[in-house]
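K.L.:
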Amino acid sequence: MNGGNALKGLLQRALAFQSDFIAGASYDLGEKDGLVDLGNYSPYAQLQNKYHPDMRHFMQEFGYYDIFIADIQR
């Protein structure tokens, strides 16, 4: 495995997520959970549209500031 190529791919995905969720979002800091529809058709955006409303409801119902999802297998 070429570490440089893996890192490059990771950085490209990270920049895309930063663009969608931070720079391109019209929500202020602390209100980013209001972003439900990313406005694109990427596989991630489709999952976001499907699961975000329920996760946001759960977060608000229990008074959490944020929810973090981790893959413990990687």
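Numbering (UniProt numbering), first residue to last: 1 to 74. Ideal Cβ placement from N, Cα and C applies to all residues, glycine included.
#1: Roughly how many angstroms lie between the CA atoms of residue 66 and residue 26, to the nearest whole one?
#2: Drop a sphere of 10 angstroms on the beta-carbon of residue 29, count the other beta-carbons inside from all chains shown, and report buried for 16 or more, exposed for fewer.
#3: Considering just the uninterrupted stretch of the alpha helix (DSSP H) at residue 45, what are its terminal residues?
#4: Taking only three categories from DSSP, how would you classify residue 30?
#5: Using 8 Å as the limit for Cβ to Cβ distance, is residue 40 near chain B?
P.N.:
If we stick to the structure as given:
#1: Along the sequence shown, read from residue 1 onward, the residue named residue 66 stands at position 66. Along the sequence shown, read from residue 1 onward, the residue named residue 26 stands at position 26. For residue 66 and residue 26, the distance between alpha carbons rounds to 18 Å.
#2: Against the sequence shown, residue 29 aligns to sequence position 29. Counting Cβ neighbours within 10 Å, residue 29 comes out exposed, since fewer than 16 surround it.
#3: Stepping through the sequence shown from its first residue, residue 45 is reached at position 45. Run containing residue 45: 43-61, per the alpha helix (DSSP H) assignment.
#4: The residue given as residue 30 occupies position 30 in the sequence shown. Looking at residue 30 - three-state DSSP - the assignment turns out to be coil, as it is neither helix nor strand.
#5: Of the chains in the structure shown, none is chain B; there is only one protein chain.
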